[in-house]
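Worksheet: one structure, shown below.
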Amino acid sequence: MTVESGAPLRAAVIGCGVIAHDHLAFLARTSNGRLVGLCDKSAALAQAACDHYAAAPVYTDASAMLANEKPDIVHVLTPPQTHDAIVRQALAAGAHVICEKPMTGTAAETAGLLEAAAAAGRVLVESRNLLFNDPVLSLLETIRAGRIGTVRECDVLLQLDFLAGPFGDTNLAGPGVDLPGGAVHDFLPHLVYLFQELTDTKEVKAVHGRLENLSGNPRAGFDFLDVLVDAGEARGRLRVATDVEPSAFRVIVRGSRASVETDLYNPFFRYEGPPDIGKRAPLGQMRAGFGLVGAGLANLRNKIGQHGTIHGMGRMLEAVYSAIRRGEAPPITPDDILATARMTDGIVALGAAR
Amino acid sequence: MKVLVTGAGGFLGRAVVVEALAAGHEVLAMHRPASLPEAEMVPAGVTVVPGDLRQGGSWRDALGSIDAVIHCAAAASGDLPTQLAGTVLATENLLAALPSGLARFAHVSSFSVYDFAAPNWPAVLDENTPLEPRPLRRDAYTQTKLRQERMVREFCAAKGIPLAVLRPGAIYGPGKHWDYGKALAIGPFDLIFAPLSRMRLIHVRNCAAEIVAVLELPEPGETMINLVDDEQPTHWGYHHGARGAGAPVGLAVPVPYLAVRALGALAWLASKTFFRGRARLPEWLDLPRQQVRWRPIRYRNALARRLFGKQQVRLSEGLQETVATTLP
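Listed in order, the protein sequences are those of chains V and Y.
Each step along the first sequence adds one to the number in numbering that gives the first Met the number 0, with nothing skipped, and position 341 is 340.
Each step along the second sequence adds one to the number in numbering that gives the first Met the number 0, with nothing skipped, and position 49 is 48.
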């Protein structure tokens, strides 16, 4: 299938759950793509998504949709354990694929899908929307400008009571998500790719820590992760916890000259470094205080304006669509995806070892 | 009749089970697995069916012999995906599991499906009032209840099942008091928006009795019935009555409906100006939702009165027992 550079990509969505609403919101406004089909095994959910965002044919059978609508690109937004078969199906139908994270349960499976995409000559991208969020972009800009020197440490700390949602809802049978790392695994790729991007590392030397089920909720599988990561020149801590409040997604990067910190749920940006160090440190604290007030006002505005934690999704998808239309490499490469899957494997192995 | 009651563990569902049993029906009460009643609390004549309509399971095997359904299950809160799962997906799964030849389907819908802007002055809302034509301007509850009602109506029409769509107002009773009519609380003051507008209250036992009574209606085909009590107090009157019954309410500060609408208009303007119309506004600032809750409207229940006769619980009695259950 050849996509003409002038034509918007014909897009199809498989899976009309929670995250689909962010993908469909993008498709409703982009000039780079046009929704041509929606598929969910629930006809009612697919129809609801269709009515909400855009009129497009609704299917409960992905094969029928791929055959009838011949999409240029397919968004695979189903539960992780179903990704492998659906991604292969979409690639076989000649479509590029954007797949929600985690694309698979293991690096070996991810490698298999990337090989299939390469063989089909199609782009396969695993979503990493947080890299396109405002606070992460600010961190990356600061780091790349050399303002914190050489990056030595990166902590990514997620605290979120996800057991209150479907991952921990014991009214529902079976696991909340069918992955080796349980519910933690569903969030883990975010933490790993943030660490890798912010420290500019791909591989780790060692991982030490705990992957456990602290709540006893059988549906969660694992609900707690706390690991120290040794990636050579860089090191860091990745943590997922459901038993502490308030909800926060804190990212701290410490370098040879300075440190920066932000939060992805209620963003602020704090820089601690020259010139406000030593005797001038109180000035830096005052500056941080004013910065916090400004961040509070901006967060209030963002909450009213529905500019939430997923706001990077549209930018990521726009970048991927643009790259495909121009025939360029997408901003998320197979090497990036595989590196994240390998490091995730190493962390999840802590749970398997228990 | 052998009757399946979905959402039997909910506020309304519990009362429906009691009324259905009292009316001589055999009841299959569907409860979510994580909140099953204690075995000794289940009366004779009631069989508990554990299951969650959001996914398949063994609950489907229990449905083979039922004569009728009272479908109470729905998600009353949460974001749109949560309510889509709890209301729309749940209903889709229920409909797919029902046996053929049902004698009656009683579907519990909601007043929220109506277009509250439609009635002309003097505004009266009844079963002939149009449904909300633009659900996206309303909340997730309205969107999902509209979709749920449409699915049930299409299903019953296709299968030839006699259907009663019951649209209750604000169901109150022990455990649910609708903030005794206040919109907001500021320190010791309770702001009573649109103090002279009527509340479309119905006591939970009145509501449950009318829902169960619909099983015996001779009407074939499809019937829409609004369920609301005869006594429709104003927001101010309800608040005053609650105070008289001993409810721990604040000092009432009435805010006229016109002032509420003016606030809504300002919020709309700010949304258009600063947020490209995308601002997420609370109910009390959102023009379409303001109308739903506070527009001066009379709620007609003539059809329900003709079909079901006199109601059991008076407002004063219902308020007394509601307040009594909230006191320490």
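We put the CB at the ideal spot given by N, CA and C, even for glycine.
Beta carbon proximity, residue i to chain V, threshold 7 Å
| i | result |
| --- | --- |
| P287(Y) | no |
| P32(Y) | yes |
| G56(Y) | yes |
| A278(Y) | yes |
| F10(Y) | no |
| V47(Y) | no |
| E91(Y) | yes |
| P80(Y) | yes |
| F110(Y) | no |
| V151(Y) | no |
| D189(Y) | no |
| V4(Y) | no |
| L88(Y) | yes |
| F104(Y) | no |
Continuous beta strand (DSSP E) stretch holding residue i: start and end
| i | result |
| --- | --- |
| E99(V) | Where E99(V) is concerned, there is no enclosing beta strand (DSSP E), given that its DSSP letter is neither H nor E. |
| I191(Y) | F188 to F192 |
| A105(Y) | R103 to V107 |
| E25(Y) | E25 to H30 |
| H70(Y) | A67 to H70 |
| N225(Y) | E221 to L226 |
| H74(V) | I72 to V75 |
| R260(V) | Strictly speaking, residue 260(V) in this sequence is Glu, with Arg absent from that position. Unbroken beta strand (DSSP E) run through E260(V): S258 to D262. |
Nearest to residue i (by Cα), restricted to the options the options
| i | options | result |
| --- | --- | --- |
| A95(Y) | G308(Y), E126(Y) and K158(Y) | K158(Y) |
| L178(V) | A233(V), M102(V) and L193(V) | M102(V) |
| L318(Y) | G236(Y), L306(Y), F307(Y) and A105(Y) | G236(Y) |
| V41(Y) | R292(Y), E221(Y) and M29(Y) | M29(Y) |
| L200(Y) | E221(Y), A169(Y) and E215(Y) | A169(Y) |
| K1(Y) | L35(Y), A19(Y), G50(Y) and A264(Y) | A19(Y) |
| N31(V) | R325(V), I331(V) and A338(V) | R325(V) |
| S41(V) | A22(Y), E39(Y) and L52(Y) | L52(Y) |
| V213(Y) | S196(Y), V164(Y), F192(Y) and G186(Y) | V164(Y) |
| A116(Y) | G249(Y), R292(Y), G9(Y) and L88(Y) | R292(Y) |
| G419(V) | A182(V), Y270(V) and H20(V) | Coverage of chain V is limited to positions 0 through 353, which leaves residue 419(V) absent and any answer about it impossible. |
| G12(Y) | A33(Y), T321(Y), A67(Y) and R204(Y) | R204(Y) |
| H24(Y) | T5(Y), S57(Y), A67(Y) and G100(Y) | A67(Y) |
| S126(V) | G345(V), L139(V), Y320(V) and A351(V) | Y320(V) |
| R260(Y) | R277(Y), R279(Y) and P287(Y) | P287(Y) |
| W120(Y) | A21(Y), L314(Y), W177(Y) and I296(Y) | I296(Y) |
| F273(Y) | K302(V), T29(V), R249(V) and G283(V) | K302(V) |
| A19(V) | A22(Y), L83(Y), R59(Y) and A33(Y) | L83(Y) |
| D185(V) | F248(V), V206(V) and D222(V) | D222(V) |
Cutoff 8 Å; reference residue i; Cβ partners in own chain excluding five residues on either side
| i | result |
| --- | --- |
| G331(Y) | Nothing can be reported for residue 331(Y), as the shown portion of chain Y is limited to 0 through 327. |
| R151(V) | E232, A233, R234, R253, G254 and S255 |
| A122(Y) | R294, P295, I296 and R297 |
Own chain residues within Cβ distance below 7 Å of residue i, not counting five before or after
| i | result |
| --- | --- |
| I85(V) | I13, A61, V75 and T77 |
| L284(Y) | L262, G263 and A266 |
| L138(V) | L197, V250, V252, V259 and T261 |
| V73(V) | A11, I13, A89, A94 and V96 |
| P187(Y) | G249 and L250 |
Residue i at chain Y interface by Cβ criterion, 7 Å
| i | result |
| --- | --- |
| E3(V) | Note that E3(V) scores 47 on pLDDT, short of 50, meaning its location in the model is unreliable; the coordinates nonetheless yield the value given after this. No, because no Cβ of chain Y sits closer than 7 Å to the Cβ of E3(V). |
| L65(V) | no |
| M0(V) | With a pLDDT of 45 at M0(V), under the threshold of 50, the modelled position of this residue cannot be trusted; read the value that follows with caution. Not an interface residue. |
| R169(V) | Per the sequence shown, residue 169(V) should be read as Thr rather than Arg. Chain Y, which has a Cβ nearer than 7 Å to the Cβ of T169(V), makes this yes. |
| I303(V) | yes |
| A54(V) | no |
| L44(V) | yes |
| V155(V) | no |
| V17(V) | yes |
| A379(V) | Since the displayed chain V opens at 0 and closes at 353, residue 379(V) lies outside it and no answer follows. |
Range of the contiguous alpha helix (DSSP H) that encloses residue i
| i | result |
| --- | --- |
| N92(Y) | A89 to A96 |
| P134(V) | D133 to R143 |
| K302(V) | A280 to I303 |
| V254(Y) | V254(Y) -> not in any alpha helix (DSSP H); beta strand (DSSP E) instead, spanning L250 to V254. |
| H239(Y) | H234 to G243 |
| T5(Y) | It is not in any alpha helix (DSSP H) - T5(Y) instead sits in the beta strand (DSSP E) that spans K1 to T5. |
| H51(V) | A42 to Y52 |
| G345(V) | P333 to A351 |
Spatial neighbours of residue i in its chain, beta-carbon cut-off 6 Å, leaving aside the 5 residues before and after
| i | result |
| --- | --- |
| M0(V) | With a pLDDT of 45 at M0(V), under the threshold of 50, the predicted position of this residue should be treated as unreliable, and no value is reported. |
Taking three-plus beta-carbon pairs below 8 Å as touching, is the region 144 to 153 of chain Y in contact with the region 170 to 181 of chain Y? Taking one beta carbon from each stretch, the region 144 to 153 of chain Y and the region 170 to 181 of chain Y have fewer than 3 pairs nearer than 8 Å; the two do not touch.
Query - Any 3 or more C-beta pairs closer than 8 Å across the region 164 to 183 of chain V and the region 140 to 150 of chain V - result: Contact between the region 164 to 183 of chain V and the region 140 to 150 of chain V is not established, with fewer than three Cβ pairs separated by less than 8 Å.
Exercise. Determine, using beta-carbon pairs with one atom in the region 248 to 263 of chain Y and one in the region 223 to 231 of chain Y, whether at least three such pairs fall under 8 Å.
Key: Flag = no, the region 248 to 263 of chain Y and the region 223 to 231 of chain Y do not touch.
Touch test, the region 155 to 168 of chain V against the region 236 to 247 of chain V, Cβ-Cβ under 8 Å, three pairs minimum
Yes, the region 155 to 168 of chain V touches the region 236 to 247 of chain V.
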